[in-house]
Amino acid sequence: MTGLNKKTSTWLVRSLGLCAVLATFAVTGGRVIAQDDYKPWVAPDAARAVKNSFPATPENIAAGQETYTENCVLCHGDKGKGDGIAGRTSKIPPANFTDKELMAKETDGSLFWKMSEGRGPMPTWKETLSEKERWQLVDYIRKLNKDASAK
């Protein structure tokens, strides 16, 4: 008898996530993108001004990485380039967190707001992930950008 290990459960989560994305496209005929979804996505000023209350400690970054792996890799890819399996087939490409110019324009508050609210193919995470998990994701996304810039 074999049980689920971390590798198997990560594969299962990714597979179920991909199935959910593909099922959404199948049910809606691929029309899950509204006209406004093609406009630049800018967070409100009030959201942009919000500060991250969870500093980028090794523990918070590690927790953010785990949440990212479980929920974001399908679209944003392992390294955050927006090249995940589901992201490659999306009409609107996912954000590339390794893009220095793009990430320089985003505040921690705007990243938090965008992942909380969602838009188009980007789901809303405020009902699924805790506030702490979303802030830890911001910490990890910043690390992805920093790592890419260092190369």
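This note's numbering applies: residue 60 is where the sequence shown begins, and numbers increase by one. Positions of the beta carbon are idealized from the N, C-alpha and C atoms, including for glycine. None of these values were measured; they are calculated from a predicted model.
Any chance the region 116–129 sits against the region 97–106, with 3 or more Cβ pairs inside 8 Å?
-> no
Can you have a look at Gly89 and say buried or exposed, based on whether 16 or more other CB atoms are within 10 angstroms of its CB?
-> With a pLDDT of only 48 at Gly89, under the threshold of 50, the placement of this residue in the model should not be trusted; the figure read from the coordinates follows. That one is exposed.
Roughly how many angstroms separate the alpha carbons of Thr126 and Gly179, rounded to a whole number?
-> 21 Å
Nearest-angstrom Cα distance between Lys140 and Lys110?
-> 25 Å
With Thr183 and Glu176 assumed to form a contact (beta carbons below 8 Å), what rounded beta-carbon distance in angstroms separates them?
-> 6 Å
Excluding five sequence neighbours on each side, which residues of the same chain lie with their C-beta closer than 6 Å to the C-beta of Lys159?
-> Ser208
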